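First the structure, in the form of structure tokens, and then the observations on it.
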Amino acid sequence: MFLRSRSQEVVPNGCAVLILHGRQSPDPSSKECCATWGLLAGAIAALVSEGLIEEEKLDSFNVPYYTPSAKEVQDVVEREGSFAVEHIDSFAVCVEGNLFNIGEKFAKRIRAFTESVVAHHFGEELMRKIYDKLTKLLIEDSSIQAEPAVTVVVVLNKKL
């Protein structure tokens, strides 16, 4: 549906660029797919243990989330048929710096793509506490430091 809708907006031979959170592993259950959500769940669980969030709220929080590989994206584009794949690539981006900066940057990266869903479920008033807790956990425990963020970039040309 997404590709079909975009194809109606793009002129023939026009170009569209998609940038997606993805994975490099062919295994859809690999750690790179869900590690971010696990870290966030850990921060929320810590706030549950502190009595700031009800356990039922955590138990009812479910985010259907899928990170595709570049091959899967290419297959979907080809199957849909409105666009030709001109270029596709995936790459990992590592956060560099000292332990404090890495933890803080990684928490901001997580917040950028999770906050709207988390706020909808837990409420705007808890966002600062949740992401401050996440930052603290990332800074304090270097063993849970950032997995590289995998990005899939696809350049599409609309077919005639």
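Counted the way the working numbering counts, the sequence shown spans residues 4 to 163. Note that CB positions come from ideal geometry on N, CA and C, so glycine has one too. Every value quoted in this text rests on a predicted model; they were computed, and no experiment measured them.
Coarse secondary structure for Val66, derived from DSSP in three states: Here residue 66 is taken as the residue at index 63 of the sequence shown, counted from 1. Note: Val66 maps to coil in three-state DSSP.
With DSSP collapsed to three states, give me the class of Ser93. Residue 93 sits at position 90 when you count from the first residue of the sequence shown. Here Ser93 sits in strand by DSSP.
Tell me where the beta strand (DSSP E) around Val153 begins and ends. The count along the sequence shown starts at 1 and reaches residue 153 at position 150. Per DSSP, Val153 belongs to the beta strand (DSSP E) from Ala152 to Lys161.
Touching or not, the region 76 to 91 and the region 153 to 162, by the rule of three or more beta carbon pairs under 8 Å? yes
Cβ-based burial, Gly17 [other Cβ within 10 Å; buried from 16]: Along the sequence shown, one-based indexing puts residue 17 at 14. Under this definition Gly17 is an exposed residue.
When you compare the CB positions of Tyr134 and Arg112, do they come within less than 8 Å of one another, or not? Position 131 of the sequence shown holds residue 134. Position 109 of the sequence shown holds residue 112. The answer is no: Cβ separation not under 8 Å.
If you follow the beta strand (DSSP E) that Ile22 is in, where does it begin and where does it stop? Start at 1 with the first residue of the sequence shown, and residue 22 comes out as number 19. Note, Ile22: beta strand (DSSP E), Cys18 to His24.
From the DSSP output, in three-state form, read off Val13 for me. Within the sequence shown, numbered from 1, the residue matching residue 13 stands at position 10. Coil.
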